[in-house]
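First comes the structure, then the notes that go with it.
Number of protein chains: 4
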Amino acid sequence: MSEYAQIPMQFVGPLRVSGNTVQGEFEVPLATYETPLWPSVNRGARISMKCDEGIKCTVIDERMTRSVLFEAPDAGAALFALEQIKADFSELKTVVEGTSRFAKLIDLHSQIAGNLLFIRFEFTTGDASGHNMCTQAAEALMNRILEKQPDLKYGSISGNYCSDKKATAVNGILGRGKYVVAEILIPGKICRRFLKTEPHKIAELNIRKNLIGTLLAGGSRSANAHFANMLLGFYLATGQDAANIVEGSQGLTMAEVRGDDLYFSVTLPNLIMGTVGNGKGLDFVLENMARMGLTENREPGVNSRRLACLCAASVLCGELSLLAAQTNPGELMAAHRRIERGQ
Amino acid sequence: MSEYAQIPMQFVGPLRVSGNTVQGEFEVPLATYETPLWPSVNRGARISMKCDEGIKCTVIDERMTRSVLFEAPDAGAALFALEQIKADFSELKTVVEGTSRFAKLIDLHSQIAGNLLFIRFEFTTGDASGHNMCTQAAEALMNRILEKQPDLKYGSISGNYCSDKKATAVNGILGRGKYVVAEILIPGKICRRFLKTEPHKIAELNIRKNLIGTLLAGGSRSANAHFANMLLGFYLATGQDAANIVEGSQGLTMAEVRGDDLYFSVTLPNLIMGTVGNGKGLDFVLENMARMGLTENREPGVNSRRLACLCAASVLCGELSLLAAQTNPGELMAAHRRIERGQ
Amino acid sequence: MSEYAQIPMQFVGPLRVSGNTVQGEFEVPLATYETPLWPSVNRGARISMKCDEGIKCTVIDERMTRSVLFEAPDAGAALFALEQIKADFSELKTVVEGTSRFAKLIDLHSQIAGNLLFIRFEFTTGDASGHNMCTQAAEALMNRILEKQPDLKYGSISGNYCSDKKATAVNGILGRGKYVVAEILIPGKICRRFLKTEPHKIAELNIRKNLIGTLLAGGSRSANAHFANMLLGFYLATGQDAANIVEGSQGLTMAEVRGDDLYFSVTLPNLIMGTVGNGKGLDFVLENMARMGLTENREPGVNSRRLACLCAASVLCGELSLLAAQTNPGELMAAHRRIERGQ
Amino acid sequence: MSEYAQIPMQFVGPLRVSGNTVQGEFEVPLATYETPLWPSVNRGARISMKCDEGIKCTVIDERMTRSVLFEAPDAGAALFALEQIKADFSELKTVVEGTSRFAKLIDLHSQIAGNLLFIRFEFTTGDASGHNMCTQAAEALMNRILEKQPDLKYGSISGNYCSDKKATAVNGILGRGKYVVAEILIPGKICRRFLKTEPHKIAELNIRKNLIGTLLAGGSRSANAHFANMLLGFYLATGQDAANIVEGSQGLTMAEVRGDDLYFSVTLPNLIMGTVGNGKGLDFVLENMARMGLTENREPGVNSRRLACLCAASVLCGELSLLAAQTNPGELMAAHRRIERGQ
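Chains as they are written, first to last, in the working numbering: chain A, 2 to 344; chain B, 2 to 344; chain C, 2 to 344; chain D, 2 to 344.
This is the structure we're talking about:
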C-alpha cells in the first residue's frame, strides 16, 4: 500500500509582498483536495500585482507556549508558589537555555482555579514552530519547580491553557505563534475590473457575513470567510503540522472604503509554523521552501517569519477573492461548477 | 516540480468497534507529518482489542448546512418574510430535490439581527460531506425566496451562520456533520497494564486539563487533549476536506471511574466527512476506503456514517493514549524522544 | 436596620415607540447607582421624539426554557430514550398543561454527551418571565419520562443547558426570553444637532469598538457598548430578576449610514422579563408598570411583550448616546465630571 | 412617585471566613426580589460555621482596566507606535499619578487588528471599583500618546477590549477586578446532615452540570450554577454597580471528594467592586458596610479586598446549597414552593 497520502499541489501567484520582513514577488504552494482554491487565491494574487505596494505584511509578535499544571493544597499555597516562581524567573530562563540552543523563555502567565495552578510558559523557538522544544523546556521547568516548591504536585505537562490545536481565546490574547497582519489598498477600478465588484460591497459584506454572521454563530475571536482553506493548503505544502489550523484560522478580516479605494486586511494572531522540524526534510517541502527563498542561511527566526508573511498574504488573496465572489448572486456556485467540470 | 504533497501515512490498529452502525475489527489510515501519532493511536487500539465490546460508536445525528443572508428593509419585514418562508417549507423541499438526487432539506433555523435575516438550511446529503450540494441547493432556495419575497434582497450565499471551517457554537447546538459518540469501558487491570496508569488518574486529569484547563483558556464547546491530531491524519488519509477539522475538533472527552473500570468517551458533534466527492477518487484514498470496507454498495449515507464511526474510534484511541501518558511525569517527552530518534 | 436596598430611580423620556406590539410615547423608569445613566438615556429618548416613527420595536420570538439532565447507561441508550421522548411530545404537552394555567410546551432540543442526555424544554409562560413555572413543568416532565424510560436515571432538574443567568451561546441560537429588535432611522441633521456627531462616525465606531473590539476581547455573541447598564436600571425599576441581565446583555448594536441618515438598531435576543411574578407586587413596581400602561387587562403575554419593547427601546437610547459621545475625544469624561459634580 | 426602587434586603449568616485577607464570622446583606435566595445562602453559611477554618478566601490579583482605541495608517505604523508607547511606560505612570491620588498604572496589553491599535491600560484604584478613575486616567494617557505619536488618531476612549459589563475572555485571562478563590473542606457527615446529600454526588453533579452542561451551552470561561444570583444580591446591598455581575458571574465551581470530605471551591476572577465611590454614601449601604466592619480606616485597598472576600464567600454558600439541592430529585421545587407560599 501507499506510504504517502498524495494531496494535489500547485503553486499560485506570483503575489507581490512588502513590509519590513519580506519583499518581492513570490509564488506560493497550496496542497488541497479542494482544487477550486487555486484559481481563487490566484485571483487575489493577480490583484496584489496590480497594487504598488502589493500586500504589506507586518509581524506583530511571535512566541510559542506550553502550560503546565500543578496541584497545590489550596489556593493560598498555589499563590505563594506562583509568587516564588515569578521571583525565580531569571533562573528559569537559564533552565530553558540548558534544554535547547534555540528555546528562550520570554514570559509566563498563570491561572489559579481552586487549588490548581496553571503556568503558561512563553518561548521563542528560532525557526521551528517549537512544539517539542517547548514541551522539553516545560518538562525541565516543572522538574526545577517541583524541587523548589514542596507544596506543589505534578498535575500535567500540558494543562490545555497553552492552548494547542484548540480554538480558544488565550492564544489571541496572550499570543501563540506568529502574529501577522497582511494589508492591501486596492484602487476602485482594479476592484471593479478584476474582482467584478465595488469596494463598498465588499466592505458591507464583510460586516454582515464575517463580523455579524460569525458573531451570531457563536464564533470565538474570529471573523473571516475561509482562512482555514488557505491555511490548510499552505501548511500541507510546507510541511507544517496542519492541526494547528484550528487556532490559526481564528482571525479577522477587515474591509473599509477609503475614497475610491478598498482597504482590505487579514489579521492572523496564531500562525504556528516554522521552516525547520518535523516534515521539513521531505523532498517536496525542501523544494517548495527553496522556491520561496526560505532555505537560505539567515539569523534564526527570519526564515520562519518570512514564511508566516507569505502564508498571511496567501490567506488575504483567497479571502478577498471569495468575499468578492459572494457579493454577486450566483457567482460562487458558477465558479465551482465551471472549475470542477473543467477538471 | 511535484504535483502532490506527500504526507507520510500508515495504517494503525486493528481497533475493535461495535454499535449499531458498524461492527468488527478495523485498521484505519492516518496521514501526518507528526509520526509519533501512530504509536499513540495504536496503543489505544490495542486497548480496544482487550475490551469485549471494544469501542461502541453511536451516530446521534447527521445534517449539512448552509446559511444564506438576506437584507430586509427592517426587522419587521424580515420577520414577516421569515414566517412566509417557514410556511412554504414543503415547497422549499421540492426546490431542493430538483438540485440533486441526494440533497434533502430537513430543517431550517434563523436569526434576525437588525434588518438582516440569516436562514440556516439543513440537509441530508447521502454519502457526501455535502459542501457543494448544499451551496447549490441554497442557491436555488435563495432564488425561489427572492422571487416570492419582494421585500428581501440578496445578502450573501453564505452568511457564516452555517458555519463552515470556523470554531463556533452553532454547529454543536443545531448540528452540522455527523454527530458521533464513541465509548469504551476499560477494566482497571487493562488500564494499569497497557496504559501504565490508574482509572482515577485519567478521570482526574480529564477534569483538570480538558474541562477546567480549556475553560480557563476560553475554549468554545471543547474539552479534549488533541482531537485535531487524529482528525487531521484520518481526514487526509481518506480524502476529506481537512479544513473541517476546525469545527471537527470541537468536542468533549469524558472519563469516569466505574467500580474498578474506566469509562472513557469522546463526543464529536461535527464530523463533516463523506465517502464520495472531491478527493475520494484518488487511488490511495480508494485503497484506504476499500481496506476499511467502505467501497461496498450500500444505501446512501451508510458508508459515510461507518466512516465517521471509524474516525471517532480513532480519535478515542489517540485521546486515551495521550491522557494516560500525561498522568505520568516525564512519559510524554520520553516517548517523543524515543520515537523521533528512532526514525 | 433597613429592610430594603434603596436604589435611586428616575423616569426618563418620553421615548417615541412604534411597531406592531406597542405604539406611543412612554416614560420609562431606571433605577441605578450610576446616575449619569439618566441623562444619557434621555438624550437618546429626545432623538426618538424627533424621528417620525421613533423607535420601531419588533418582537421576533419568545420562549422560556429549562434543561433537565438524565444519565443513561451509554450513548446508544440515551439516543433510544431521546427518540421515544420526542415521539411522546404531545403527551408531554399535556403533562405541562397540568402544572400551570399559563405554561405551554412548545419545543425541545437535546444534547448527548457520552452517556448523558440533556433535554432543553421550551415553553411559553404568559406574562411571567417563567423561571418557576418552567422548573415546575420540568419536574413533572422528568417524572413522566423517568416512569416511561427505565434506562434513564435522574441527573439534575437543571443541566445548565437552559441556560439561566450565564453568558452562553445556546440562548441566542435556540431562544430564551423575548427576542426583540429596536431600530431607528435618524436624519443626519438630527444626529449632528443633538448627538454632536456624524452618522458615519457612529457607524465606524460601532464596527471598530463593538464588533471588532468585543471580538478581540473574546466576547460571546455580543457587540455592544453598555446594554448591561440600561438593562440593570430597567430590570430593577420593574421588579425583574436582574441576574438575567447576564444573558440579556448579550446582544448586537448595528449602525449604518443610509444616504444622509443613520440607521441604528439594537438586537436583544434574551430579554427574560415579565409583568407578573416575584417583585411585581411591590408598590413602586406597580406604580411604574401603571405609568407605562402595563397594568391593563390584556391577553396573557401582551403586557410582557410591550414591556420588553419598552426595555429594548431604552437600551437603544442609552447605546446611541454613549456611542455618539465616544466619537468625540473628551466628551465622555467631561459629561461624567459635569453630572457627578452637579449632584 | 418613588425616588427609589426598594429591593427587599436581609442579612444572612453568619459565615465563618478565614485566609490572610479577612478572618472571622460575618453576616452579609443580600438585596433581591428572589427571596428564596436568603435561606439558600443561609444553609451554606451554616455549613461554614461547622467547619473549622470555615471558608478560606484568597485574593489572587486585583486591577481595573480601560482599553483605548487608536487608528493608525497601517499595521506597521501601529506596531511602531506601540513599541514607543511601551518604551514610555514610566512616563505614562507619571501621567496617571497626575489624575488621581489612588490610580496607579501597573501594566498594559495590546491588540493590533489591521490598522487599529487597542491598548488596555491596567491600574490599581485603591478602595474604589475604579470605573471613572480609569476613564479619567485613560483620557490623560490618550492625550499624551496622541501628542507624541503623530501617526495615531483618536479612535475611542473605550475600545471594548477593557472589557466592561460584557462576558468576554479577556477579563479572566488578563485580569479585571478582584480575583478571589473561596474554598471549604466539608466533612462527609456535615454534608450528609445539613446538605442531605453525599460528597460524591455534589462532585459528580458539578462535573455534569456546571462543567459539561455549560460547555454544551457554549458558555464562556464559566462553570457554575448561579453565581449571578448571589452577586446581584450582594452588589445591590453594598452600593456596587451591579451591571458588573455580567463579567463577575463568569467563574468556576470545583467539587472534589477527598477521603470522606468534600472539597468545594468557587473561583471568581472578575469581582469589580469597592467600598468607596458611587452608591457607597447611601445610608443603608453605609450601615451594611459598617456591620461587615468595612468602614474602618485601613490602608487603601484593604477594605475593598475584604469586601470581595465576603462576596466570594457568599457566592460559595449559595452555590453549595443549590448544587446540594439539585442532587436530590424534587428538592429544588419543593423548597421554592415552601418558601414562596410561606411569604
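From the three backbone atoms N, C-alpha and C, an ideal C-beta is built for every residue, glycine too. None of the values given here were measured: they were computed from a predicted structure.
query, result
"Is K149/D helix, strand or coil when you go by DSSP?", "helix"
"Run down chain A in chain order and give the residues with a C-beta less than 7 Å from the C-beta of D75/D.", "K57 and E184"
"Mind the definition here: the segment 52 to 68 of chain C touches the segment 180 to 198 of chain C only if three or more C-beta pairs lie below 8 Å; say whether that holds.", "yes"
"Kindly indicate if chain D contains any beta-carbon less than 8 Å away from that of T215/A.", "no"
"Quick check: is the beta carbon of I273/C nearer than 8 Å to any beta carbon in chain A?", "no"
"So, with DSSP's three-state summary, where would you put V42/C?", "helix"
"Along chain D, in chain order, which residues have C-beta atoms closer than 7 Å to that of R47/C?", "Simply none; closest approach about 21 Å."
"Is there a C-beta anywhere in chain C that falls below 8 Å from the one on Q344/A?", "Unreliable placement is indicated for Q344/A, whose pLDDT of 46 sits below 50; the coordinate value is still reported in the next sentence. Output row for Q344/A: interface = no."
"Give me the Cα-Cα distance between D284/C and V42/C, rounded to the nearest whole angstrom.", "24 Å"
"What ranges does the alpha helix (DSSP H) occupy inside the segment 109 to 171 of chain A, keeping only unbroken runs of at least 4 residues that lie completely in it?", "132 to 149"
"Y162/B and Q112/B look like a contact to me (Cβ under 8 Å); what is the Cβ gap, rounded to whole Å?", "6 Å"
"Determine, using beta-carbon pairs with one atom in the segment 141 to 153 of chain B and one in the segment 18 to 38 of chain B, whether at least three such pairs fall under 8 Å.", "no"
"For a cutoff of 8 Å on Cβ pairs, would you count G127/A as touching chain B?", "no"
"Give me the Cα-Cα distance between K202/D and L16/B, rounded to the nearest whole angstrom.", "34 Å"
"Assess contact between the segment 110 to 124 of chain C and the segment 204 to 217 of chain D, defined as three or more Cβ pairs (one per stretch) separated by less than 8 Å. Is contact present?", "yes"
"Does the distance between the C-beta of R194/A and the nearest non-hydrogen atom of the ligand ZN fall short of 7 Å?", "The ligand content of the structure shown is nil, which means the ligand ZN is not present either."
"Mapping DSSP to helix, strand and coil, what is N211/D?", "helix"
"Alpha carbon to alpha carbon, how far is A88/B from A82/B?", "10 Å"
"For a contact defined as C-beta to C-beta under 7 Å, what are the partners of I174/A on chain D?", "A170, V171, I174 and L175"
"When DSSP builds the beta bridges, which residues end up paired with R67/D?", "F122/D"
"Which residues in the same chain as I191/C place their Cβ atom closer than 8 Å to its Cβ, once the five residues preceding and following it in sequence are excluded?", "I48, K51 and C52"
"Taking C-beta to C-beta, are K94/B and E184/B nearer than 8 Å?", "no"
"Note down the Cα distance separating M293/C from V29/C, rounded to an integer number of angstroms.", "7 Å"
"Quick check on Q344/A: does DSSP put it in helix, strand or coil?", "Residue placement at Q344/A is flagged as unreliable, the pLDDT there being 46, under the threshold of 50; the coordinate-derived value follows with that caveat. The answer is coil: DSSP assigns Q344/A none of H, G, I, E or B."
"If we cut at 8 Å on Cβ distances, does I208/B have a partner in chain D?", "yes"
"Give a yes or no on whether 8 Å exceeds the smallest Cβ distance from G160/A to chain B.", "yes"
"Do G249/B and L263/B have their CB atoms nearer than 8 Å?", "no"
"Under a three-way DSSP split, which group does Y264/C fall into?", "strand"
"Keeping to the same chain, check which residues put their C-beta closer than 8 Å to that of I107/A; ignore five residues upstream and five downstream.", "R64, E123, F124 and T125"
"For a contact meaning CB atoms closer than 9 Å, what does P9/B contact in chain E?", "Among the protein chains in the structure shown, which are A, B, C and D, there is no chain E."
"Is S266/D near M274/D, with beta carbons less than 8 Å apart?", "no"
"Identify, in the order they occur along the chain, each residue of the same chain with its Cβ nearer than 7 Å to the Cβ of T100/B, setting aside the five sequence neighbours on each side.", "Q137, A138 and A141"
"Which ranges does the beta strand (DSSP E) cover as unbroken runs of at least 3 residues, wholly within the segment 217 to 291 of chain C, from first to last along the chain?", "253 to 259 and 262 to 272"
"How big is the Cα-Cα spacing for A309/A and A78/A?", "41 Å"
"Please list, in chain order, the chain B residues whose beta carbon lies closer than 9 Å to that of R222/D.", "L216, L217, A218, G219 and G220"
"Quick one: list the residues of chain B neighbouring M334/A, beta-carbon separation under 9 Å, in chain order.", "N133, T136, Q137, A139, E140 and I158"
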